[in-house]
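Just below is one structure, and these are the notes that go with it.
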Amino acid sequence: MSMHDDVARILVSEEALRVRVAEIAAEMNAIYTDAEVPILVCILKGAFMFLADLTRQLTFRHEIDFMEISSYGHGTSSTGVVRILLDLASTIEGRNVVIVEDIVDTGHTLDYILRNFATRQPTSVRVVTLLNKPSRREVEVPLDFVGFEVPNEFVLGYGLDFAEQYRNIPYIGIAKPEIYQAIPEGD
Ligand code: IMP
Numbered sequence: 001m002s003m004h005d006d007v008a009r010i011l012v013s014e015e016a017l018r019v020r021v022a023e024i025a026a027e028m029n030a031i032y033t034d035a036e037v038p039i040l041v042c043i044l045k046g047a048f049m050f051l052a053d054l055t056r057q058l059t060f061r062h063e064i065d066f067m068e069i070s071s072y073g074h075g076t077s078s079t080g081v082v083r084i085l086l087d088l089a090s091t092i093e094g095r096n097v098v099i100v101e102d103i104v105d106t107g108h109t110l111d112y113i114l115r116n117f118a119t120r121q122p123t124s125v126r127v128v129t130l131l132n133k134p135s136r137r138e139v140e141v142p143l144d145f146v147g148f149e150v151p152n153e154f155v156l157g158y159g160l161d162f163a164e165q166y167r168n169i170p171y172i173g174i175a176k177p178e179i180y181q182a183i184p185e186g187d
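Heads up: the sequence shown at position 59 corresponds to 59 in our numbering, and the numbers run straight through without jumps.
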C-alpha cells in the first residue's frame with residue numbers, strides 16, 4: 001500500500017503549486033523592498049514546504065523564524081483551543097512580519113497568533129496562506145495573500161498532515177474518508 005492510495009483525488013497538482021507559489025512571490029516582491037527586511041514567520045509544521053518554496057522566489061531581503069502551534073491531534077476538526085508549542089526566537093517589536101500559514105480553516109489558530117503578535121508591537125503584520133477553506137470559518141481573519149480556496153474536505157500533502165503523516169506528498173490531495181473516520185473525533 002502506498003500513501004498515495006489514501007488520496008481520493010488530487011486537488012492541486014505539483015505544477016499548479018509551482019505556478020501559484022511563483023505568483024504569490026511576485027505579489028510579495030511588488031510590496032516589500034529591502035528597506036523593510038520583514039520576518040517571515042513559518043507556522044509549523046504544516047507551512048514548512050510552502051515556506052521553503054516561497055522564500056527561494058523572494059527578491060527582497062528578509063529573515064525567517066518559526067512558531068509551532070498545537071493543532072488537531074488525531075482528529076480532523078479544530079477545538080478552538082490553541083497553544084504555543086514553540087515560540088519565535090526573534091523579537092518582532094518594530095519589525096514587519098509576514099505570517100506564513102498552510103491553511104486557514106476555522107480561523108482560530110490565525111486569530112490567536114494575530115492577537116498574540118499584536119501585544120508584541122510589530123510595525124506591520126501581513127498573512128500569506130497557501131490554502132483557504134472559507135466554508136468552515138468561525139472567526140473572521142484578514143488574509144493578504146491566498147494561494148487557493150479549497151472545498152470543505154480534509155486535505156493533505158505539501159506539508160499538510162493527517163495524524164503527522166502524508167506531509168511529504170508533493171501535491172495537495174483530498175484524503176479518503178476511511179483514513180480519518182476510523183479515528184474518533186477529538187482524539
Ligand atoms: P484553524 O484553526 O481551524 O483555522 O486550523 C488551522 C490549522 O489546522 C492549519 O494550520 C492546519 O495545521 C490544520 N488544518 C486545517 N484544515 C486542515 C486540512 O484539511 N488538512 C490538514 N490540516 C488542516
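Glycine included, C-beta positions come from ideal geometry on N, C-alpha and C.
heavy atom of the ligand IMP below 7 Å from Ile43 C-beta: yes
Range of the contiguous alpha helix (DSSP H) that encloses Thr55: 48-55
Secondary structure of Glu153, DSSP reduced to three states: coil
Selected residue, minimal CA-CA separation from Asn29, among Val12, Gln57, Asp5: Gln57
Meets three-Cβ-pair contact criterion under 8 Å: the stretch 29-49 and the stretch 7-15: no
Simplified DSSP state of Arg115, which is helix, strand or coil: helix
Whole-Å CB distance - Val155 paired with Leu131, under 8 Å assumed: 7 Å
Pairwise C-alpha distance: Glu153 and Asp6: 14 Å
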